[in-house]
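Here is the structure we will look at.
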Amino acid sequence: MSACGSAGPRASTWLAGPGGSHHEAPRLETKPVDAAVVFRDWDLRPNVDMVLRALGADSGRAGKGSPAAVGLAEEAVTAGQGLLQPAVVAASCAVTGLRHQRLQLEGGGYLAGPLINEHLYGARSVVAAVCTIGPALETEASGWFARDPALSVALDALGSAAVDMLVAALCQRVGDEAVAEGLQTTMPLSPGLTGWPVATGQRQLFALVDASSAGVTLTGSYMMLPRKSASLVIGIGPQVDRGGEPCDYCSMAATCRYRQRRVSDHG
Amino acid sequence: MPVLEELRQAVVDGQAKAAVARATQGLEEGIPAEVLLRDGLISAMQEVGRLFEEGEIFVPEMLVSARAMNATLVVLKPLLATEGSEARSEGKVVIGTVQGDLHEIGKNLVAIMLEGSGFEVVDLGTDVSPERFLEAAEAGADVVAMSALLTTTMTNMKAVVEALGRAGLRDKVRIIVGGAPITDRFASEIGADGYAPDASKAVRKVRELLAVKA
Ligand code: B1M
Numbered sequence: 000m001s002a003c004g005s006a007g008p009r010a011s012t013w014l015a016g017p018g019g020s021h022h023e024a025p026r027l028e029t030k031p032v033d034a035a036v037v038f039r040d041w042d043l044r045p046n047v048d049m050v051l052r053a054l055g056a057d058s059g060r061a062g063k064g065s066p067a068a069v070g071l072a073e074e075a076v077t078a079g080q081g082l083l084q085p086a087v088v089a090a091s092c093a094v095t096g097l098r099h100q101r102l103q104l105e106g107g108g109y110l111a112g113p114l115i116n117e118h119l120y121g122a123r124s125v126v127a128a129v130c131t132i133g134p135a136l137e138t139e140a141s142g143w144f145a146r147d148p149a150l151s152v153a154l155d156a157l158g159s160a161a162v163d164m165l166v167a168a169l170c171q172r173v174g175d176e177a178v179a180e181g182l183q184t185t186m187p188l189s190p191g192l193t194g195w196p197v198a199t200g201q202r203q204l205f206a207l208v209d210a211s212s213a214g215v216t217l218t219g220s221y222m223m224l225p226r227k228s229a230s231l232v233i234g235i236g237p238q239v240d241r242g243g244e245p246c247d248y249c250s251m252a253a254t255c256r257y258r259q260r261r262v263s264d265h266g
Numbered sequence: 000m001p002v003l004e005e006l007r008q009a010v011v012d013g014q015a016k017a018a019v020a021r022a023t024q025g026l027e028e029g030i031p032a033e034v035l036l037r038d039g040l041i042s043a044m045q046e047v048g049r050l051f052e053e054g055e056i057f058v059p060e061m062l063v064s065a066r067a068m069n070a071t072l073v074v075l076k077p078l079l080a081t082e083g084s085e086a087r088s089e090g091k092v093v094i095g096t097v098q099g100d101l102h103e104i105g106k107n108l109v110a111i112m113l114e115g116s117g118f119e120v121v122d123l124g125t126d127v128s129p130e131r132f133l134e135a136a137e138a139g140a141d142v143v144a145m146s147a148l149l150t151t152t153m154t155n156m157k158a159v160v161e162a163l164g165r166a167g168l169r170d171k172v173r174i175i176v177g178g179a180p181i182t183d184r185f186a187s188e189i190g191a192d193g194y195a196p197d198a199s200k201a202v203r204k205v206r207e208l209l210a211v212k213a
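Residue numbers (numbering that gives the first Met the number 0), protein chains in the order written: chain A, 0 to 266; chain B, 0 to 213.
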């Protein structure tokens, strides 16, 4: 197990690292992972368009679906919003070296794979995080399947939209704090993207954060429970690779209905 | 018969109340429940599948259509039983998410579309072991349908194909697989009979495998 620092609630605490920023980012005290901080202060409000998009509606057309489809998404937002229990557990780990596609971290943990090599080579530290919206919404969604399958699926989509929002909010928070320190952040890297397989990536990442403190566990086949959870790392440094976005590294990039399109991509 | 066409259109538009009203009207006009089912509901769901495949509509629209169909079925089912036409099914499909995988929504969508198209669906849920798939297939199934979300769990599909083979069921039961990481190639590698990238194509593939006329 690693001994990364828990990423604390103050701005500079994401920025663990052996110095190097021109602001000289404060070094985090190395703490055991069981001291990880769980952030629960997220105000997630996925809207009808987001639910329709998570249901695979064409993003250029979301909100313009049939009245009945929009009504279904509205029902899901009303029924599901109160069931969101967002939590993020994060650890900030200083980088001690990168060799043979393996990013060595202070405390003995590491991240390895072509994707890591490609994006984290300039990082002084990484934030490893597990995000979840908790079990309540998915339990509700499953419960509706026998009675109203359409609402069940729409509630599930609300959950997917909420996790996406949570990941985006986390990236924003880490990014803002980095910028305030004169640093940059990489795109979020998740196990399962091309170049970082689910099994190896989840093993490496779950060794850095105590996900159970946010109620997330990993099954024998590397699936996170609650299902509506995501795991990621973000590299931080004075000059890191800032290119790309996760969708570029997805095996389904060419065909995905859920792809987050850049504004310029909208036709 | 305009009422049949109106019923069909109400289901395509996902208008549950209108669909129930048209079905009730149809019954009052003396149209047999079986005709309302076949030429109204099932025909509507086939149209929905076609529109989905052509990119005219998306999953949300498909869902509200299925919802309108289900609401109408509540009215028709008791009468179908009386007419003795309830048992008419296009085939029996045993569906589940494979062992180690708890993702259910893709599998659920496939089940909704299969049911909407007139198949009898036995839903085994998620994290289904090869033994449970086998048991359900032995109880009498035409198709075994497996779903998976991750590359770490899709590998468990092969064990089900092998279990069906060992039990001598491979000639009697067709196997279809799907889910985000699955490809046609993976399906052939594990010895499945077919793969479908979405729920609507899954219905088409099952029909094709059973040579059921669409
Ligand atoms: C029997 O015959 C058939 C025939 C057709 C069949 C069938 C059976 N079963 C399904 N189908 C087909 O028909 C259905 C309806 O049309 C479809 O079913 P689906 O289940 O695919 O579709 C659902 C109705 C809606 N679709 C979805 O819910 C999945 C959509 C995508 C974008 C997606 C989403 C939204 C999410 N995810 Co993630 N996610 C992706 C997906 C990429 C994509 N384009 O599909 C996929 C599945 N995810 C992936 C990954 C890696 C992950 N996800 C994760 C998390 C998430 C969110 C929580 C953010 C969110 C919700 C996930 C959920 N399970 O509810 C993580 C795992 C979650 C966990 N619990 O462990 C995580 C591991 C990432 C991480 N490290 O956090 C990839 C899996 C590939 C792999 N490498 O294993 C992925 C393909 C994207 C990618 N390439 O990166 C078809 O596949």
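Cβ coordinates follow ideal geometry from the N, Cα and C atoms, glycine included.
The three-state reading of DSSP puts residue 57/A in coil, since its state is none of H, G, I, E or B. At a cut-off of 9 angstroms, the C-beta of residue 66/B has a neighbouring C-beta in chain A. Contacts with chain A at 9 angstroms (Cβ-Cβ) include residue 14/B. Residue 25/B sits buried, since 16 or more C-beta atoms from the chains shown fall within 10 Å of its C-beta. Taking C-beta atoms under 8 angstroms as the contact rule, residue 201/B and residue 178/B fail to qualify, at a distance of about 11 angstroms. Beyond the five residues adjoining it in sequence on each side, residue 60/B comes within less than 7 angstroms, by CB distance, of 13 in the same chain, given in chain order. Residues of chain B whose Cβ lies closer than 8 angstroms to the Cβ of residue 219/A are, in chain order, 99.
The closest CA to that of residue 77/B, considering only 31/B, 100/B and 18/B, is found on 31/B. Residue burial is scored here from C-beta neighbours: residue 251/A has fewer than 16 other C-beta atoms within 10 angstroms and is therefore classed as exposed.
Boundaries of the alpha helix (DSSP H) around residue 163/A: 148-179. With 16 or more other Cβ atoms inside 10 Å of its own Cβ, residue 226/A counts as buried. A residue is called buried once 16 or more other Cβ atoms fall within 10 Å of its Cβ, and residue 171/A, having fewer, is exposed. Apart from the 5 residues on each side of it in sequence, residue 10/B sits with its Cβ closer than 8 angstroms to the Cβ of 18, 39, 40, 43, 44, 47, 64, 67, 68 and 71 in its chain, given in chain order.
Distance from the CA of residue 97/B to the CA of residue 126/B, rounded to the nearest whole angstrom, comes to 5 angstroms.
At least one heavy atom of the ligand B1M falls within 8 angstroms of the beta-carbon of residue 228/A. In the structure shown, residue 183/A adopts extended strand secondary structure according to DSSP, grouped into three states. Secondary structure of residue 204/B (DSSP, three-state): helix. By the Cβ test, the region 96-116 of chain A is not in contact with the region 149-168 of chain A, since fewer than three Cβ pairs between them sit closer than 8 angstroms. At a cut-off of 9 angstroms between C-beta atoms, residue 95/B does not count as an interface residue with respect to chain A.
The continuous beta strand (DSSP E) containing residue 228/A extends over residues 228-236. Chain B places no beta carbon closer than 9 angstroms to that of residue 129/A, leaving this residue out of the contacts. For residue 175/B, the uninterrupted beta strand (DSSP E) segment begins and ends at 173-177.
For residue 222/A and residue 214/A, the gap between their C-alpha atoms comes out near 14 angstroms. In the three-state DSSP reduction, residue 94/B falls in the strand class (E or B). The beta carbon of residue 65/A lies closer than 7 angstroms to none in the same chain, with the five residues before and after it left out. Between residue 113/A and residue 191/A, the C-beta spacing is not below 9 angstroms. In this structure, DSSP gives residue 74/B a helical state, which the three-state scheme calls helix. By a beta-carbon distance limit of 8 angstroms, residue 43/A contacts residue 164/A. Their separation comes to about 5 angstroms.
Three or more beta-carbon pairs separated by less than 8 angstroms are not found between the region 76-86 of chain A and the region 177-184 of chain A, which leaves the two stretches without contact. When DSSP assignments are scanned along the region 83-163 of chain B, the uninterrupted stretches of alpha helix (DSSP H) that are 4 or more residues long and fall wholly within it turn out to be 104-115, 129-137 and 150-153.
A Cβ-Cβ contact shorter than 9 angstroms links residue 173/A with residue 235/A.
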